[in-house]
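Residue numbers (the numbering used here): 1 to 263. Backbone N, C-alpha and C define an ideal beta-carbon position, used for all residues, glycine too.
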């Protein structure tokens, strides 16, 4: 399959999973378990959505590998690996807030070539195929350019552990006086899509996982943004940053002396 064909399949699956989640979400979903801490929750519908996604991938592409937030890494003999976050923004989903999404990226030879982020409550589906641009429901996306750091609207997120949050708050206290303002959606995938759509100018966060940013990172990059870690390193759980070239470097130089990649 081409990147476009993989994207079409990922889009169909993300739509189906999103419709299931929207139809089955009760007024207050029950928490099935906690993950890293009592504030890091997983719902029964998280698991149901990933099971549906895995089943659809298996039907269409038997043998492909799947890495999912809930089900872990399933090796495969096929030519692709699917990177799945069934609900990015689980706490938002739990509380009935509108910023949560089904995120599916497709990796070929170690590179994400297709990605879809389906923000179901808002009825917005972001997508990208490698080299073919980023799109929102048929409209081409471009990130904001030419924005200086002191005028930048910057998205971020926070970890689940108390020690990490304490450090993140200290970093943020140093960042806030140097930028326009901060936004916090509660979903890495949606934050990256917001950079792509020009709804925020930049994004940074410590503690994201591959499934959080695989699809959204491609969408942001295809919209003209740069996405990397500190000091030219690839995106890593230690830190992810995303912004248009120019602003990216300014944000990097602001963050680097603050040691934002430690707890």
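- Residue pairing by DSSP puts residue 242 in a beta bridge opposite 203, 227.
- By the CB criterion at 9 Å, residue 195 and residue 155 fall inside the cutoff.
- Taking a cut-off of 8 Å for Cβ pairs, the region 11-21 and the region 124-137 touch, as three or more such pairs fall below it.
- Within the region 129-155, the complete beta strand (DSSP E) segments of 3 residues or longer fall at 134-136, listed in chain order.
- For residue 177, the secondary structure class from DSSP, reduced to helix, strand or coil, is helix.
- Collapsing the DSSP output to three states places residue 248 in a helix.
- Residue pairing for residue 25: DSSP places it in no beta bridge.
- The continuous stretches of alpha helix (DSSP H) do not include residue 65, which lies in the beta strand (DSSP E) extending over residues 65-68.
- About 5 Å separates the beta carbon of residue 53 from that of residue 17, a gap short enough to meet the 8 Å contact definition.
- In this structure, residue 103 lies near residue 189, with their beta-carbon atoms less than 9 Å apart.
- Around residue 247, the same chain offers 147, 149, 152, 201, 202 as residues with beta carbons nearer than 7 Å, after the five sequence neighbours per side are excluded.
- Runs of the alpha helix (DSSP H) lying entirely within the region 46-129 and spanning at least 4 residues, in chain order: 90-95.
- When the alpha-carbon of residue 71 is set against those of 205, 118, 113, 49, the nearest one is in 49.
- Counting along the chain, no alpha helix (DSSP H) covers residue 186, and no H or E run does either.
- Looking at the DSSP output, residue 236 sits in a beta bridge with 239.
- Cβ contact annotation for residue 238 (same chain, cutoff 6 Å, sequence separation greater than five): 261, in chain order.
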